[in-house]
Amino acid sequence: MTSRERILILVAAVVTAVLCVVTPAAAADGVRKGPGAGIDAASAATTASARQGGSLSALLDELVPKQLADYRVPGASVVVVDRDGRTLTKGYGLADVERKVRSDPRRTGYFMASDAKLFTAVAVLQQVEKGRLRLDADVNRYLTAFKVENSYPGRPVTVRHLLTHTAGFDTSILGRGGTSPEPAGALGESLDKHQPKRVRPPGEVASYDNYGVALAGHLVEQVTDTPFATYVDRAILNPLGMTRTTFAPPDARTTDALALGYRPDGGRQRAEDGQYGAWTPTGAGAVTTAADMGRLMSALLDDGGPVLTPASTRAMLHRQFANDPRLPGIGYLLEERRRAGERMWVKDGDLPGFHGNLALLPASGIGVYVVYNGDGVDGSASYAGQELVNRVADRLGDGGKGAAATPSAATERGEPAGRPSAGASARLAQRDEAPSSPYSGYYRTTRTSASDLTRVAALTTSVHVTAGADGALTTTGLARDPRVGEQHWVPVAPGVFQERAGQDRIAFRDGRLALASDPTQVFEKLPWYQSPALHQQALLGGLAVLGAALLLLPPVAYVRRRKAKAPGGRLAWTLAWLTGATLATATVCFIRLTGDGNALNRTVLVGDSPLLTLIPHLVAAAAATTALLLICTVVAWRRGWWPVAGRVTYTCHALAATVVVGLGAAYGLLP
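Spelled out as structure tokens, the structure:
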């Protein structure tokens, strides 16, 4: 997927060395004003970064190489644009580890992942401008080959719902990716085949929705009678001069310099695949360069440039929905956050081996985009991008006062706010908290699948909230930074809490927890019997009983074989051992499947591991034998099989199997 023309690479490296002054980690570093007009290194001091009394280039040269080393990411490219038309581009590390090809922000192609959704939003709004689509029209009005199910009569899914992640579709990404750049089939056919259930009424909750975005792209196909990739190329990429961007790989514009994506594997980097698929509007197979993304950001900062009207651009950069009105919300496929004293609009993108982060600060006229070609340790590249855009926003935002306006070390996420006084905190604590806090408990994200085995992630990724005597809250499971376990929050308003020594906020309403730094999901409070901690303990206990029986039953059966009188009793113990062995095998397979989180992301997206099929079938087989175990338990007590101790042991075995199988079913581990 990367360039095989070594001579061209060497020539480019020589030219770069002659024309540019770069740090040892940087592959490319340029500041431009307007399309194609170069500015020498001394002129860089006139960019927006100079307003802070320091060099933005120096900030990036310090931060990005450190990130690459700390998180074990091979390479990255960055672009920063300002309202005056200046563009700073930087490349760091390697785009191809084996071939030692350096990252070039103007030439190296990266998979966009969900950052490509911005093009989908622009494409839909273009059709709204032309009158071919209406934001509040039922999407079924435009669909011909299939229809969205009418799960909530009188409450149709509209175009606006698709652009705000509020359509209410179930989360389902299992097997939606692909490993080959060859055509993955028509978008409409894939959407028809893989239409998820509607699990909540539209317009009630924003919950990140890949299917909805893909459907929005298909609506563009329907009203223009043009494949989505072709439409984007003609109506967006060409007008913006994004000559090295494509939604239809393989493409000569990108394959000559396409970066490889990696994940850490022991002491080396393993190349990843899985970046393709049929859902092109969500970013499958879409490739761009950092410099090209700078052109898109410049257009959005310039009232839409040649691709959108000022009114449509303002709507895209305007809050259209919020899970809680006291927190930032979502525009049209852009997420609202507060940073450096102003509103910031962001979009993140993640695919196996590629992670990008884009941010726009319209008030300051600043845009920043960074993309990494590596997952990093524990998936840390995604957080690294957020860290970088926040640092740039703190340096350049709020009309040049961003650093002063930011109360913390600039690596936190979310919404800045002044710290409440001690007296105010105490009064709010008395109002909001009691020895038994209404906020304490476990919460599950609305992005949890209701239909496939990815639901099992809820067993370990739920959010836990505990309350202190001073009214403060402690949460685990909310931080995006993999290095952060607990976060601490102080009350600033009824039901609203500010992160202590940070910039994020959380708010509670109607049993839901909303997060300022991620308006594309909420966390719903779980009743005590759905507590993940309770389920974990029950699962471990059940597996312990089954494991002990699995080891002890064979020797015990051998000793007692001659004493056994009832053939049914011997069969019952054989059945018990088989059930334990089946569940033990399923457990080993599950551990093997989930052992590497980065590899698991790729496996789930592509869906090509036999373990994804084997595990549910093993659990299903165990469910069948467990039902027989329960029958045998009743018969054993009625007919007096074995001494009382043997019957009690058998009953415990049957109950343990029931618990394990029941939890497997609850978390989507049945076919």
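According to the working numbering, the sequence shown is numbered sequentially starting from -9. The C-beta atom is built at its ideal place from N, Cα and C for all residues, glycine as well.
* **Distance between L227 and T233 (C-alpha atoms, nearest Å)** => Looking up residue 233 in the sequence shown gives position 243. Looking up residue 227 in the sequence shown gives position 237. Those two C-alpha atoms are separated by around 7 Å.
* **Coarse secondary structure for K107, derived from DSSP in three states** => Start at 1 with the first residue of the sequence shown, and residue 107 comes out as number 117. When secondary structure is reduced to three states using DSSP, K107 falls in the helix class.
* **Cut-off 7 Å between Cβ atoms - residues of its own chain near V535, not counting five sequence neighbours on either side** => The sequence position of residue 535 within the sequence shown is 545, counting from 1. Contacts found: C642, H643, A646.
* Determine the DSSP secondary structure at G356, reduced to helix, strand or coil. => Locating residue 356 in the sequence shown gives position 366, where the first residue counts as 1. The sequence as given places Ile at residue 356; Gly does not occur at that position. I356 falls in the strand class under three-state DSSP.
* To do: With a threshold of 16 other CB atoms inside 10 Å of the CB of V649, please say whether the residue is buried or exposed.
  => Translated into the one-based positions of the sequence shown, residue 649 becomes position 659. V649 comes out buried.
* Environment of V149 [buried if 16+ CB atoms lie within 10 Å] -> As a first step, residue 149 is located in the sequence shown; it is residue number 159 there, counting from the start. By the Cβ-count criterion, V149 is buried, with 16 or more other Cβ atoms from all chains shown falling within 10 Å of its own Cβ.
* What residues match up with N347 in a beta bridge as DSSP calls it? -> In the sequence shown, the residue the question calls residue 347 occupies position 357. In the DSSP output, where bridge partners are listed per residue, N347 has D338, V360.
* Through-space distance from E119 to L443, alpha-carbon basis -> As a working note, residue 443 is residue 453 in the sequence shown. As a working note, residue 119 is residue 129 in the sequence shown. For L443 and E119, the distance between alpha carbons rounds to 41 Å.
* Could you work out which residue in A656, A574, T464, T577 is closest to Y519 when comparing CA atoms only? => The residue you call residue 519 lines up with position 529 of the sequence shown. Ranking A656, A574, T464, T577 by Cα distance to Y519 puts A656 first.
* To do: Please confirm whether K515 and G630 have their CB atoms less than 8 Å apart.
  => Your numbering for residue 515 matches position 525 in the sequence shown. Your numbering for residue 630 matches position 640 in the sequence shown. Going by C-beta atoms, K515 is not nearer than 8 Å to G630.
* Asked: Closer than 7 Å: is that where the CB of A562 sits relative to any heavy atom of the ligand SAH?
  -> As presented, the structure is devoid of all ligands, the ligand SAH included, so that no description of it is given.
* **Sub-8 Å separation of L181 and L205 beta-carbons** => To locate residue 181, count along the sequence shown from 1; it is residue 191. To locate residue 205, count along the sequence shown from 1; it is residue 215. Cβ distance < 8 Å, so L181 and L205 count as in contact.
* Sort out for me which residues DSSP pairs H454 with in a bridge. => For this step, residue 454 is matched to residue 464 along the sequence shown. In the DSSP output, where bridge partners are listed per residue, H454 has Y432, T466.
* Asked: Looking at C-beta atoms only, is the number of pairs between the segment 301 to 310 and the segment 353 to 365 that lie closer than 8 Å three or more?
  -> The segment 301 to 310, when compared against the segment 353 to 365, does not touch it at the 8 Å Cβ threshold.
* Curious, which full-length beta strand (DSSP E) runs of at least 3 residues does the segment 507 to 591 contain? -> If we require 3 residues or more, the beta strand (DSSP E) runs fully inside the segment 507 to 591 come out as 508 to 515.
* Asked: Near R73, which residues of its chain fall below 7 Å by C-beta distance, leaving aside the five closest residues on each side in sequence?
  -> In the sequence shown, the residue the question calls residue 73 occupies position 83. Closer than 7 Å at Cβ, skipping near neighbours: L291, G355.
* Is the distance from the Cβ of Q493 to the Cβ of V480 below 8 Å? -> As a position in the sequence shown, residue 493 is number 503, starting the count at 1. As a position in the sequence shown, residue 480 is number 490, starting the count at 1. No, Cβ-Cβ distance for Q493 and V480 is not below 8 Å.
* Use the C-beta contact count for I621: other C-beta atoms within 10 angstroms, 16 or more gives buried, fewer gives exposed. => Position 631 of the sequence shown, counting from 1, holds the residue named residue 621. Here I621 is exposed. Its C-beta has fewer than 16 other C-beta atoms within 10 Å.
* Asked: Roughly how many angstroms lie between the CA atoms of A135 and K183, to the nearest whole one?
  -> Counting from one through the sequence shown, the residue named residue 135 turns up at place 145. Counting from one through the sequence shown, the residue named residue 183 turns up at place 193. Rounded to the nearest angstrom, the two C-alpha atoms are 11 Å apart.
* **V587 to T450 span [Cα, whole Å]** => Looking up residue 587 in the sequence shown gives position 597. Looking up residue 450 in the sequence shown gives position 460. Correcting the residue identity first, residue 587 is Gly in this sequence and not Val. So the two alpha carbons sit approximately 13 Å from each other.
* For the segment 40 to 64, list the alpha helix (DSSP H) runs that are entirely contained and at least 4 residues long, ordered along the chain. => Counting only runs of 4 or more, we get 46 to 61.
* Let me know if L350 comes out buried or exposed under the rule of 16 or more other beta-carbons within 10 Å of its beta-carbon. => Taking the sequence shown and counting its residues from 1, the one referred to as residue 350 is at position 360. It counts as buried.
* Under 8 Å by Cβ, that's how I've got V70 and V382 pegged, so tell me the actual separation to the nearest angstrom. => Looking up residue 70 in the sequence shown gives position 80. Looking up residue 382 in the sequence shown gives position 392. That pair is a contact at about 6 Å.
* Would DSSP call I605 helix, strand or coil? -> Counted from its first residue, the sequence shown places residue 605 at position 615. In the structure shown, I605 sits in a helix (DSSP, three-state: H, G or I).
* Do you know whose CA, among V367, Q116, R328, lies nearest P342's CA? -> Walking along the sequence shown from the start, residue 342 turns up at place 352. Of the listed residues, the one whose Cα sits closest to P342 is V367.
* **Through-space distance from A219 to I320, alpha-carbon basis** => Looking up residue 320 in the sequence shown gives position 330. Looking up residue 219 in the sequence shown gives position 229. Across the structure, I320 and A219 are spaced so that their CA atoms are roughly 25 Å apart.
* To do: If I'm right that A174 touches A268 with Cβ under 8 Å, what's the distance once you round it to whole angstroms?
  => As a position in the sequence shown, residue 174 is number 184, starting the count at 1. As a position in the sequence shown, residue 268 is number 278, starting the count at 1. So it is a contact: roughly 4 Å between Cβ atoms.
* Check whether the segment 76 to 90 touches the segment 372 to 379, counting contact only when three or more Cβ pairs, one atom from each stretch, lie closer than 8 Å. => no
* **Nearest residue (CA-CA) to Y198, options P240, S439, F237, M102** => Your numbering for residue 198 matches position 208 in the sequence shown. Minimum Cα distance to Y198 is reached at S439.
* Please determine if the segment 266 to 280 and the segment 101 to 117 are in contact, where contact requires at least 3 C-beta pairs separated by less than 8 Å. => yes
* Alpha-carbon spacing of D263 relative to D598, whole angstroms -> Numbered from 1 along the sequence shown, position 273 holds the residue referred to as residue 263. Numbered from 1 along the sequence shown, position 608 holds the residue referred to as residue 598. Roughly 12 Å separates the two Cα atoms.
* Would you report the Cα separation of G81 and R62, rounded to the nearest angstrom? -> To locate residue 81, count along the sequence shown from 1; it is residue 91. To locate residue 62, count along the sequence shown from 1; it is residue 72. Their Cα atoms are separated by approximately 16 Å.
* Alpha-carbon spacing of G658 relative to G369, whole angstroms -> Counting from one through the sequence shown, the residue named residue 658 turns up at place 668. Counting from one through the sequence shown, the residue named residue 369 turns up at place 379. For the pair G658 and G369, the Cα-to-Cα distance works out to about 24 Å.
* Asked: What residue from H208, Y640, N591 has the CA that sits closest to G167's CA?
  -> Stepping through the sequence shown from its first residue, residue 167 is reached at position 177. Of the listed residues, the one whose Cα sits closest to G167 is N591.
* Could you give the residue range of the alpha helix (DSSP H) that holds Q212? -> Looking up residue 212 in the sequence shown gives position 222. 200 to 214 is the extent of the alpha helix (DSSP H) around Q212.
* Looking at the structure shown, is V367 part of a helix, part of a strand, or coil, going by DSSP? -> Numbered from 1 along the sequence shown, position 377 holds the residue referred to as residue 367. Residue state, collapsed to three classes: helix.
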